[in-house]
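Visitor:
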Amino acid sequence: MKKKLIASLLAAFMAVSVFAGCSDDKKDSKKKDKDKKEETEETEETEESEETEESEEPSESETDETEPDTDGTSVKTKLFTIKYDDSVWTYNEEDDLYETDSNSKIAFSIPDPEDEEGGSLVRVYIDADIEEPYNFRDELYSLGFDEYEYAENDAYDKVNVGGVDFLYYENDWGSEIKYIARVEGAGETIIIDFYGEIDNYKKDIDALVDGITFNVTDTGNVDGPWYWNGEPIAKEDLSAAIGSFTVETHQLKMDTPNCTHETFDHYVQIAGDKLYILSEDNLKIYGYDGQALTFIEEIALDKTYTDLCKGADGKLYMSSFMNGVSVIEDGKITGELEGDIDHLATSPDGTWGISYFGSDDCYKVTFTDTEVVQGDALAFPEFTSLSSLYITENSIIVYGSDDTTDMIAVYDLNGDLKFKTDATTDSDSYGFGSVTYAAETANGYIVFDGNMREIFFFDLNGEMIGVLDDAAMFDTHYPWMASSCKDDEGNIVTVMTEERDDKSSDECIAFTVKGF
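The number in the numbering used here is simply the position in the sequence shown, starting from 1, with 96 added.
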């Protein structure tokens with residue numbers, strides 16, 4: 097079952113199209129928004145026209161394709177012109193050219209003659225976009241360039257293409273070449289992205305690059321600050337009423353801001369006087385006193401982890417999907433536990449846990465000094481798919497779907513159902529979007545929904561007390577509420593990513609939540 101599902105996920109991932117459109121419904125409008133979405137509109141279809149005399153200049157909005165000449169075939173857009181060999185590269189004007197007043201985008205392919213479905217041996221996307229600098233900075237980071245070294249020390253060699261200086265990137269597998277540039281005065285980001293059988297077609301790729309000329313206009317634009325010059329997020333203490341309770345929040349300000357390019361995957365846990373924030377292959381450690389966070393250390397990890405859980409005796413466990421468990425003790429990685437672990441949730445005392453993947457692939461686990469021991473299988477029949485799971489002193493809280501509705505179900509520790517809820521009401525709630533944390537308190541259950549940017553409150557019988565949005569509780573404007581845990585006093589500590597007001601960075605910030 098697990099292998100089939102993983103294969104399906106991989107197949108779906110490979111089917112991504114760069115120019116795919118999107119649609120939104122009421123819930124999807126609040127779906128994960130890691131990339132800043134842009135509204136684009138297709139230009140009217142361009143018509144082929146014969147070459148005009150030199151004195152007849154095309155209007156600024158025209159996009160025309162000239163007849164082939166001895167140097168190749170030309171396509172002219174608002175922001176660049178490209179000459180290409182049409183015996184090598186193919187281009188379909190209707191499907192492969194998109195243009196607005198501020199964006200010119202085109203795709204070319206070297207077709208695969210053996211692929212009856214029209215596949216490509218090499219494909220390239222050329223995208224010139226007058227926009228804010230933040231997508232370019234994300235590209236820098238994702239390709240492994242150091243932002244500070246790039247901006248402050250001009251540390252990287254550049255390649256001139258069509259009058260613009262580009263950073264050059266080629267991946268280790270020989271399947272992608274990418275040129276990226278930011279022309280600050282024009283407020284323009286330009287990306288040229290080749291992928292496919294790169295090594296076999298280097299000569300054709302180089303010839304296409306040589307045929308590009310960019311039309312860049314300096315408008316005097318000045319980009320916003322980089323993250324090291326930006327203003328860290330600072331929030332005042334807040335209180336908000338929910339039912340008969342008053343919920344209080346306090347920002348745990350960091351002496352070293354946690355600037356990030358990762359929106360969603362931050363995981364938090366507390367052990368003793370230290371707070372840990374895991375972000376895939378990076379672990380940051382802070383001193384924690386309930387009021388602020390003092391940076392101690394950052395550890396680069398050699399693999400990607402998907403969960404950070406409590407263990408017994410002050411230990412923490414970092415689990416990597418189907419790849420064992422790493423043990424953290426007092427800020428150090430001290431060992432590895434063998435075992436076939438999917439996602440992992442542990443009990444509050446850390447002595448046992450649940451490995452889960454889908455609704456029919458869950459089992460109880462215990463821990464020794466060397467391995468994770470698989471125990472009895474667990475069944476949660478209310479779900480056909482399971483997204484997250486949380487263990488409290490008295491309950492197992494499961495979030496997932498029955499194929500039609502997102503819901504939470506609360507079970508006792510023997511697996512017997514206490515209640516389930518989809519959190520929909522006529523006036524207050526559209527239901528769950530993407531639950532990132534759920535906990536049991538003396539007064540009921542609290543549920544954080546990163547997608548809806550809302551916090552749900554239920555009594556011990558599962559009746560909804562009410563809902564508060566992120567603005568009411570934290571004075572934030574559109575954060576992703578990524579992860580939460582409890583400290584030794586039972587207070588909830590939550591981390592979220594929020595864009596700074598000056599747009600210099602997304603920042604991972606932390607709060608305590610008390611009063612429910």
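Ideal Cβ placement from N, Cα and C applies to all residues, glycine included. Here the structure is a predicted model, which is why all the values come from computation and not from measurement.
Taking Asn256 as part of the beta strand (DSSP E), name the residues at either end of that continuous run.
Guide: Looking at the DSSP string, the run of the beta strand (DSSP E) that includes Asn256 is 255–257.
Visitor: Using the DSSP secondary-structure output, state which residues sit across from Val615 in a beta bridge.
Guide: The chain is shown from 97 up to 612; residue 615 falls before or after that span and cannot be answered.
Visitor: For the alpha helix (DSSP H) containing Arg233, name the first residue and the last one.
Guide: Run containing Arg233: 230–238, per the alpha helix (DSSP H) assignment.
Visitor: Under 9 angstroms between the Cβ atoms of Phe528 and Met560?
Guide: No. Outside cutoff.
Visitor: Give the secondary structure of Lys610 by DSSP, where H, G and I count as helix, E and B as strand, and everything else as coil.
Guide: Strand.
Visitor: Going straight from the alpha carbon of Asp223 to that of Arg278, what length do you get?
Guide: For Asp223 and Arg278, the distance between alpha carbons rounds to 12 angstroms.
Visitor: Going by the CB atoms, is the gap between Leu474 and Tyr486 shorter than 9 angstroms?
Guide: It is not a contact, given that the beta carbons lie outside the stated cut-off.
Visitor: Taking the alpha carbon of Val531 as the reference point, which residue from Asn539, Phe553, Lys514 has its own alpha carbon closest?
Guide: Cα-wise, what sits closest to Val531 is Phe553.
Visitor: In the DSSP assignment, the alpha helix (DSSP H) including Tyr61 goes from what residue to what residue?
Guide: Here the chain comprises residues numbered 97 to 612, so residue 61 is not present and cannot be evaluated.
Visitor: With DSSP collapsed to three states, give me the class of Glu195.
Guide: Three-state result, Glu195: strand.
Visitor: Tell me whether Trp324 is buried or exposed, calling it buried when 16 or more other Cβ atoms sit within 10 Å of its Cβ.
Guide: Exposed, by the Cβ-count rule.
Visitor: Less than 8 angstroms between C-beta atoms, sequence neighbours within five positions excluded: which residues of the same chain meet that for Asp385?
Guide: Asp369, listed in sequence order.
Visitor: Rounded to a whole number of angstroms, what is the C-alpha to C-alpha distance between Thr590 and Met350?
Guide: Answer to the nearest angstrom: the Cα atoms are 14 angstroms apart.
Visitor: Give the DSSP-derived three-state secondary structure of Glu603 in the structure shown.
Guide: Looking at Glu603 - three-state DSSP - the assignment turns out to be strand.
Visitor: For the alpha helix (DSSP H) containing Ala568, name the first residue and the last one.
Guide: Start and end: 566–570.
Visitor: Would you kindly check if the distance between the Cβ of Leu412 and the Cβ of Asn424 is under 9 angstroms?
Guide: In the sequence as presented, Asn is not what sits at residue 424; that position holds Ile. Going by C-beta atoms, Ile424 is nearer than 9 angstroms to Leu412.
Visitor: Beta-carbon within less than 7 angstroms of Thr537's beta-carbon, same chain only, minus the 5 sequence neighbours each way: which residues are those?
Guide: Hits under 7 angstroms: Phe612.
Visitor: Exposed or buried, what is Tyr180 when buried is set at 16 or more other beta-carbons lying within 10 Å of its beta-carbon?
Guide: Buried, because 16 or more other Cβ atoms sit within 10 Å of the Cβ of Tyr180.
Visitor: From what residue to what residue does the beta strand (DSSP E) around Asp465 run?
Guide: No beta strand (DSSP E) holds Asp465; DSSP gives it neither H nor E.
Visitor: Going residue by residue through the segment 320–374, where are the continuous beta strand (DSSP E) segments of at least 3 residues, counting only ones entirely within it?
Guide: Within the segment 320–374, the complete beta strand (DSSP E) runs of at least 3 residues are 334–338, 341–347, 354–356, 363–367, 370–374.
Visitor: Work out the CA separation of Asp261 and Val461 for me, nearest whole Å.
Guide: Going from the Cα of Val461 to the Cα of Asp261 covers about 55 angstroms.
Visitor: Can you grab the Cα-Cα spacing for the pair Asn490 / Gly540, in whole Å?
Guide: Taking the straight line from one Cα to the other gives about 12 angstroms.
Visitor: I'd like to confirm the pairing. Which residues does DSSP put opposite Met592 in its beta bridges?
Guide: Bridge partners of Met592: Met577, Ile605.
Visitor: In whole angstroms, give me the CA-to-CA distance for Phe544 and Glu603.
Guide: Looking at the two C-alpha atoms, the distance is approximately 19 angstroms.
Visitor: Quick one: give me the first and last residue of the beta strand (DSSP E) that Ile294 is part of.
Guide: Note, Ile294: premise wrong, no beta strand (DSSP E); not H, not E.
Visitor: What residue does the beta strand (DSSP E) around Arg278 start on, and which one ends it?
Guide: Start and end: 272–279.
Visitor: Per DSSP, what kind of secondary structure is Val563 in: helix, strand or coil?
Guide: In this structure, Val563 counts as strand in the three-state DSSP scheme.
Visitor: Okay, do the segment 184–196 and the segment 242–253 touch, 3+ Cβ pairs below 8 angstroms being the bar?
Guide: No, they do not touch.
Visitor: So is Ala534 buried or exposed if we call it buried at 16+ other beta carbons inside 10 Å?
Guide: Label assigned to Ala534: buried.
Visitor: Is the beta carbon of Ile178 closer than 9 angstroms to that of Leu304?
Guide: Yes, they are a contact pair.
Visitor: Which of the three DSSP states, helix, strand or coil, is assigned to Glu189?
Guide: Glu189: helix per DSSP, three-state reduction.
Visitor: Can you tell which of Asp398, Tyr237, Glu228, Asn267 has the C-alpha that lies nearest to the C-alpha of Val318?
Guide: Measuring from the Cα of Val318, the nearest candidate turns out to be Glu228.
Visitor: Answer with buried or exposed for Leu513, where buried requires no fewer than 16 other C-beta atoms within 10 angstroms of its C-beta.
Guide: Exposed: under 16 other Cβ atoms inside 10 Å.
Visitor: When the Cα atoms are used, what is the spatial distance from Leu493 to Tyr194?
Guide: In the sequence on display, residue 493 carries Ile and not Leu. Computed Cα separation, rounded: 47 angstroms.
Visitor: Given Ser422, which residues of its chain have a CB within under 6 angstroms of its CB, disregarding the five upstream and five downstream residues?
Guide: Excluding residues within five positions, the ones whose Cβ falls inside 6 angstroms are Met414, Ile429, Glu432.
Visitor: With three or more C-beta pairs closer than 8 angstroms as the rule, is the segment 322–339 touching the segment 593–607?
Guide: Yes, the segment 593–607 touches the segment 322–339.
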